[in-house]
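Numbering (our numbering), first residue to last: 481 to 813.
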C-alpha cells in the first residue's frame, strides 16, 4: 500500500499546475489600428489578426473596452491603465503609393517604456495575414520582423531585389609631367612626360580607378628612362559639390627601362676607368599616393588635377626603388 504522503504530494503538484499557468499569463490590450489611407475594414481585420497572434503565440489574456487609436506612448499607456492591461499593442497601417506600411509598437504599461517596435510593408492587402504573424513572432522572440522570414512567409516586397546606389563609370585620360627623385630614373636625367589611361568608378564619397600609364624622359640623349605602371587606385572624395578634393593611393605592377652611363674599372695591374652605356629592364611591385581635386563634379564631363608620389620596389642599373613626383590633369568622360 502506498503511503499517505504520496497522495498528499500528488495533490499539491496537480493543484499547482493551473495556478502556475494562470500566473504567467500576461494581460494585453490591442488598440484599434490607426488607418492612414487604408479602409476601416482592412484596419479592423489587421487588429483581429494581431490579437489572434497574441493569443496563439504568447498565450496572452486580452482585455479591452471602448478604445480609440493612439499615435504616441502616453496615449497608449493611459489606455492600458484604464483597462488594467500590462502591455499595449499600438499599431498603424499607412498607404504609400502601391505599398501598405504596417507599424506596431509594444508599450509596457507598468514601466512606461517601449519594448518592441516593428515595421513591414506589403503590396497586397492579402499579405496582412503574413505580416501580423511575423510581427507577433518578432515581438515574442525579441527581434525584428525582417528576421522572422521563413519559407511560405515571404512578402512580395521582399521578393524583389533591393535597389542599389548607382556609380558613375567613365573613361579618363590624364596628361602630365614626371619629376624623378634620386637616381632611380637614369640618374635623374631630367623631367619627362606622363600619360595615364584609366576607367573611373565613382560613387558619392569614394572612387576606384584601374589604370595603365607611361612615363618617359622629355629630352632624348645618351641616357633615358621609360616606366609603364599598371595599378588600381582607391580614393576618398571629401565633398559633393562641383569642386571636391580627394585623397588616396594604389598598388600594382611596374615595368621599367633604364639606360645610363656607368663607370667600369678596366685591368688589374694598371687599373683604368672607362664609361659605358648600360641598358636594363626590370619589373617591380609599385605603389603611389595621390592628392587631387575634381572640378565640375555634377557634370557628365569632369576634370581632375592630381599630384602623385610614385615608387617601384626594384633595383635597376644599381639604383634601388626608383621614385618620382607626377602631376597631371585628367579629363573624365
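Using N, Cα and C, we set each Cβ at its ideal position, and we do this for glycine too.
Please read these numbers as outputs of a predicted model, since none were measured by experiment.
Residues near residue i by beta carbon distance below 7 Å, same chain, minus five either side
i           : result
residue 553 : 587, 594
residue 682 : 647, 648
residue 465 : No answer is possible for residue 465: the residues shown for the chain start at 481 and end at 813.
residue 776 : 722, 782, 783
residue 550 : 511, 556, 559, 570
residue 789 : 768, 769, 805
residue 605 : 522, 580
For residue i: DSSP bridge partner residues
i           : result
residue 579 : 576
residue 707 : 695, 736
residue 684 : DSSP, once it has assigned bridges, lists no residue as partnering residue 684.
residue 778 : Residue 778 pairs with nothing; no bridge assigned.
residue 679 : 651
residue 596 : 586
residue 601 : 581
residue 788 : 770, 806
residue 549 : DSSP output for residue 549 lists no bridge partner at all.
residue 541 : 507
residue 795 : 800
Residue range of the beta strand (DSSP E) that includes residue i
i           : result
residue 511 : Taken as a continuous stretch (DSSP letters only), residue 511 belongs to no beta strand (DSSP E), as it is neither H nor E.
residue 811 : 803 to 812
Residue range of the unbroken alpha helix (DSSP H) whose run includes residue i
i           : result
residue 554 : 553 to 563
residue 533 : 520 to 538
residue 615 : 608 to 621
residue 637 : 636 to 639
Burial state of residue i, where buried means 16 or more other Cβ atoms lie within 10 Å
i           : result
residue 610 : buried
residue 705 : buried
residue 738 : buried
residue 529 : buried
residue 715 : buried
residue 613 : buried
Proximity below 7 Å, CB of residue i to CB of residue j
i           : j           : result
residue 758 : residue 797 : yes
residue 694 : residue 680 : no
residue 615 : residue 560 : no
residue 619 : residue 633 : no
residue 813 : residue 785 : no
residue 767 : residue 736 : no
residue 663 : residue 799 : yes
residue 728 : residue 713 : yes
residue 671 : residue 656 : no
residue 513 : residue 526 : yes
residue 628 : residue 607 : no
residue 566 : residue 539 : no
residue 622 : residue 575 : no
residue 677 : residue 811 : no
Cut-off 6 Å between Cβ atoms - residues of its own chain near residue i, not counting five sequence neighbours on either side
i           : result
residue 515 : 523, 573
residue 601 : 579, 581, 637
residue 764 : 734, 792, 793, 794
residue 598 : 584, 615, 618, 625
residue 710 : 692, 732, 733
residue 669 : 697, 703
residue 545 : 563
residue 787 : 771, 807
Residue-level contact to chain C via CB, residue i, 7 Å cutoff
i           : result
residue 715 : You won't find chain C in this structure, because it holds only one protein chain.
Residue i CB to nearest heavy atom of the ligand MG below 6 Å
i           : result
residue 612 : Although the ligand MG was asked about, the structure shown includes no ligands whatsoever.
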